[in-house]
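S.K.: Chains as they are written, first to last, in the numbering used here: chain A, 36 to 283; chain B, 36 to 283.
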DNA sequence: CGTGTTATTGACCAACATCAAACTTAGTGG
DNA sequence: CCACTAAGTTTGATGTTGGTCAATAACACG
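#1: Would residue 255/A count as contacting chain B if we go by Cβ distances under 8 Å?
#2: Three or more beta-carbon pairs under 8 Å between the region 152-160 of chain A and the region 147-156 of chain B, yes or no?
#3: Rounding to the nearest angstrom, what Cα-Cα distance links residue 231/A and residue 111/A in this structure?
#4: Indicate the three-state DSSP secondary structure (helix, strand or coil) for residue 127/A in the structure shown.
#5: Could you name the residues of chain A that residue 179/B contacts, counting a contact when the two beta carbons are closer than 7 Å?
#6: When the cut-off is 8 Å and only beta carbons count, does residue 201/A lie next to chain B?
#7: Would the region 185-203 of chain B count as touching the region 234-244 of chain B if we require 3 or more Cβ pairs under 8 Å?
#8: Output, in chain order, the set of chain A residues within a Cβ distance shorter than 7 Å of residue 166/B.
#9: Could you check where the beta strand (DSSP E) with residue 82/A kicks off and where it finishes?
#10: Mind pulling the chain B residues with CB within less than 8 Å of residue 172/A?
#11: Just the Cα atoms here: how many angstroms apart are residue 54/B and residue 258/B?
#12: I need the straight-line Cα distance from residue 38/A to residue 48/A, nearest angstrom please.
#13: Look at the alpha carbon of residue 185/B and the alpha carbon of residue 114/B, and state the distance between them as a whole number of angstroms.
#14: Can you give me the start and stop residues for the alpha helix (DSSP H) that residue 65/A sits inside?
#15: For a contact defined as C-beta to C-beta under 9 Å, what are the partners of residue 163/A on chain B?
#16: Between the alpha carbons of residue 275/A and residue 202/A, how many angstroms are there, rounded?
#17: Just the Cα atoms here: how many angstroms apart are residue 109/A and residue 82/A?
#18: So residue 179/A and residue 180/B are in contact, right, with Cβ under 8 Å, and what is the actual spacing, rounded?
#19: Would you say residue 215/A faces chain B, with C-beta separation under 8 Å as the test?
#20: Considering only C-alpha positions, which residue in the set 272/A, 145/A, 249/A, 182/A is nearest to residue 226/A?
#21: Rounded to a whole number of angstroms, what is the C-alpha to C-alpha distance between residue 71/B and residue 122/B?
#22: On a Cα-Cα basis, can you pick out the residue from 219/A, 188/A, 94/A, 262/A that is closest to residue 247/A?
#23: Quick check on residue 118/B: does DSSP put it in helix, strand or coil?
#24: Checking contacts by CB at 8 Å: is residue 110/A closer than that to chain B?
#25: If you draw a straight line from the alpha carbon of residue 105/A to that of residue 269/B, how long is it in whole angstroms?
#26: In the DSSP output, what is residue 113/A paired with across the bridge?
#27: Sorted by chain position, which residues of the same chain lie with C-beta nearer than 7 Å to residue 170/A's C-beta, five sequence neighbours on each side aside?
#28: When the cut-off is 8 Å and only beta carbons count, does residue 275/A lie next to chain B?
#29: With 8 Å set as the bound, which would you pick, yes or no: does the beta-carbon of residue 107/A sit closer than that to a beta-carbon of chain B?
#30: With distances taken Cα to Cα, identify the nearest neighbour of residue 94/A among 117/A, 157/A, 163/A, 145/A.
#31: Rounded to whole angstroms, what's the CA-CA distance from residue 44/A to residue 143/B? Just pull it up for me.
#32: Name the DSSP beta bridge partners of residue 138/B, please?
#33: Excluding sequence positions up to five away, which residues of its chain have a Cβ less than 7 Å from the Cβ of residue 250/B?
#34: By DSSP's criteria, residue 76/A is part of a beta bridge. Which residues make up the other side?
#35: Residue 124/B: buried (16+ other C-beta within 10 angstroms of its C-beta) or exposed?
#36: Quick one: which chain B residues come within Cβ less than 7 Å of residue 186/A?
Structure representation (structure tokens):
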């Protein structure tokens, strides 16, 4: 788990993430490394950015888990995505001034805040990076679509299996998981808010998945014991993640 | 309705749409007008682009209604958005080579297919247009998020009211609707597939909305008789559409 | 006038929600 | 090292929204 302190600079995971979705030249890498930033820490449950804000900067997650959510009229919450180190979940604020949702820390989080001007200058100087950033936001959109399909049409069991597959692959892409299992710091309540279910039902379905021998989980630590079957149950096909290897 | 043939050139509604979400200079307008294209017609229900395709061009809808959908494992369909004249629903294919969903004609459709090279050249020459295009895909993503929230957490009644509000505003933005009502060429089956409901239930809820005096509908023609209450029932707040007037 | 699509109805059912309580677990401070 | 606490998980009983199935009615179109 994370007992070893992560001392790598903010941009290393960003580069790993960008390399998972496209090609990055050496010149681009050093430009990314030169980006100015301001580090900030957030305790669990704090908002990094809030619906209605007009942020002058984007946040690059350096450590910890973040979720994107919306509060609805009846006081309910819908979580719309999970983000991990290397992600810039509010990259969209470069072109959409007002946030239409909030970002919240699922664990203690360290984030590097990068001024919009710096990012605009970077994209102007490196069209390749602009294209990659655009591509990244397009992949986010593809993930929203997949979640929409899940919440709209898949059973509770499929939805849960599906999201486990997805997070696992995203973690692998930034070298935060391997076949030995991984740390999934998402409570059942949060899973419920992400999947449009009640926490009670999430709990029951999780037990089914364990009973079926698809996953083993102990606290926040999860092992996928039967990838193929989990994938089948979740109706999971990774192509919507548009990883370089699969998308080509 | 559409008994009057629409003779305006393909780019006029595109410009109207872009102006709804941002500013467009005269130079940019004429560059948009100069874009090469190839017109194609599709009958109701035909796919314009299909999941798995690697299209070399983007399609600008000139006339008719289009939906974006995915087929899931169990043979179910999830519709993920509706598109109307002026939209380029597969703009994302500029940076995501493989389509992860399909586009289908809800009515007979005319679309202008514009080669990727031409669009890339345009965005290179006019960074303002590149930004607008990016912004447009970001707004699409915002709409996916809103739908996700709806399907995840809102009641059937709220979802239906919500989508009627949304389509109405989008139609108004391209001057295809006014307070006198509008043509909504979406069957109840399609609504059901968009909202994650069964057609039977959509029918019943629609009747409730009519009984409550929120809408009047006769065939495909819809009149919103009480915007304020419809909006309240649908928990609708237009800010996620990021129209220029509201987003500022 | 048929004929196919879409809308509507009714009877019945299942997946998942809600409520409320108990149980675990991981921290925290004495 | 052991209470003590708060967060998260698990369980059981019961309720409801919305699904399924199947038949009928309205249209729209040639």
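Backbone N, C-alpha and C fix where the C-beta goes; we use that ideal spot for every residue, glycine too.
M.R.: By the coordinates alone:
#1: Stepping through the first chain from its first residue, residue 255/A is reached at position 220. False, the Cβ-Cβ gap to chain B never drops below 8 Å.
#2: no
#3: For the purposes of this step, residue 231/A is taken as residue 196 along the first chain, with counting starting at 1. For the purposes of this step, residue 111/A is taken as residue 76 along the first chain, with counting starting at 1. One C-alpha to the other measures close to 10 Å.
#4: By 1-based counting over the first chain, the position of residue 127/A is 92. DSSP, read as helix, strand or coil, puts residue 127/A in helix.
#5: Reading the second chain from its first residue, position 144 is the one you call residue 179/B. The answer, in chain order, is 176, 179, 180, 183.
#6: The residue you call residue 201/A lines up with position 166 of the first chain. No, no contact with chain B.
#7: yes
#8: Looking up residue 166/B in the second chain gives position 131. In chain order: 130.
#9: The count along the first chain starts at 1 and reaches residue 82/A at position 47. That run of the beta strand (DSSP E) goes 82-84.
#10: As a working note, residue 172/A is residue 137 in the first chain. Within chain B, 169, 172, 173, 176 have C-beta atoms less than 8 Å from the C-beta of residue 172/A, given in sequence order.
#11: Numbered from its first residue, the second chain carries residue 54/B at position 19. Numbered from its first residue, the second chain carries residue 258/B at position 223. The straight-line gap from Cα to Cα measures roughly 26 Å.
#12: As a first step, residue 38/A must be located in the first chain, where it is residue number 3. As a first step, residue 48/A must be located in the first chain, where it is residue number 13. With a pLDDT of 35 at residue 38/A, under the threshold of 50, the predicted position of this residue should be treated as unreliable, and no value is reported.
#13: Here residue 185/B corresponds to residue number 150 of the second chain, with the count starting at 1. Here residue 114/B corresponds to residue number 79 of the second chain, with the count starting at 1. If I take the Cα positions, the gap works out to 13 Å.
#14: The residue you call residue 65/A lines up with position 30 of the first chain. Its alpha helix (DSSP H) spans residues 61-68.
#15: Sequence index remark: in the first chain, residue 163/A carries index 128 (1-based). Chain B residues near residue 163/A: none, gap ~11 Å exceeds 9 Å.
#16: By one-based count along the first chain, residue 275/A stands at place 240. By one-based count along the first chain, residue 202/A stands at place 167. So the alpha carbons of these two residues sit roughly 13 Å apart.
#17: Counting from 1 along the first chain, the entry for residue 109/A is found at position 74. Counting from 1 along the first chain, the entry for residue 82/A is found at position 47. Roughly 20 Å separates the two Cα atoms.
#18: The residue given as residue 179/A occupies position 144 in the first chain. The residue given as residue 180/B occupies position 145 in the second chain. Between residue 180/B and residue 179/A the Cβ distance is about 6 Å, and since that is below 8 Å, they are a contact.
#19: Within the first chain, the letter at position 180 stands for residue 215/A. Judged by the 8 Å Cβ criterion, residue 215/A is not in contact with chain B.
#20: The sequence position of residue 226/A within the first chain is 191, counting from 1. With distances taken between Cα atoms, residue 226/A lies closest to 182/A.
#21: On the second chain, residue 71/B is found 36 positions in, with the first residue counted as 1. On the second chain, residue 122/B is found 87 positions in, with the first residue counted as 1. Cα to Cα, the separation comes out at about 17 Å.
#22: Translated into the one-based positions of the first chain, residue 247/A becomes position 212. Closest option to residue 247/A, Cα to Cα, is 262/A.
#23: Within the second chain, residue 118/B is the residue found at index 83, counting from 1. In this structure, residue 118/B counts as strand in the three-state DSSP scheme.
#24: Numbered from its first residue, the first chain carries residue 110/A at position 75. Closer than 8 Å: no.
#25: Against the first chain, residue 105/A aligns to sequence position 70. Against the second chain, residue 269/B aligns to sequence position 234. Going by the C-alpha atoms only, they are around 15 Å apart.
#26: The sequence position of residue 113/A within the first chain is 78, counting from 1. 105/A, per the DSSP bridge assignment.
#27: Here residue 170/A corresponds to residue number 135 of the first chain, with the count starting at 1. Answer for residue 170/A: 56, 57, listed in chain order.
#28: Residue 275/A sits at position 240 when you count from the first residue of the first chain. It does; some Cβ of chain B falls within 8 Å.
#29: Translated into positions along the first chain, residue 107/A becomes position 72. Closer than 8 Å: yes.
#30: Here residue 94/A refers to the residue found at position 59 when the first chain is read from its first residue. Considering only 117/A, 157/A, 163/A, 145/A, the residue with the shortest C-alpha distance to residue 94/A is 145/A.
#31: Your numbering for residue 44/A matches position 9 in the first chain. Your numbering for residue 143/B matches position 108 in the second chain. Cα-Cα distance, rounded: 54 Å.
#32: The sequence position of residue 138/B within the second chain is 103, counting from 1. Paired residues: 84/B, 103/B.
#33: Here residue 250/B corresponds to residue number 215 of the second chain, with the count starting at 1. 199, 244, 257, 258, 259, 260, 265, listed in sequence order.
#34: In the first chain, residue 76/A corresponds to position 41, counting from 1. Answer is 145/A, bridged to residue 76/A.
#35: For the purposes of this step, residue 124/B is taken as the residue at position 89 of the second chain. Burial call: buried.
#36: Residue 186/A sits at position 151 when you count from the first residue of the first chain. Those are 183, 186, 187, 231, listed as they occur along chain B.
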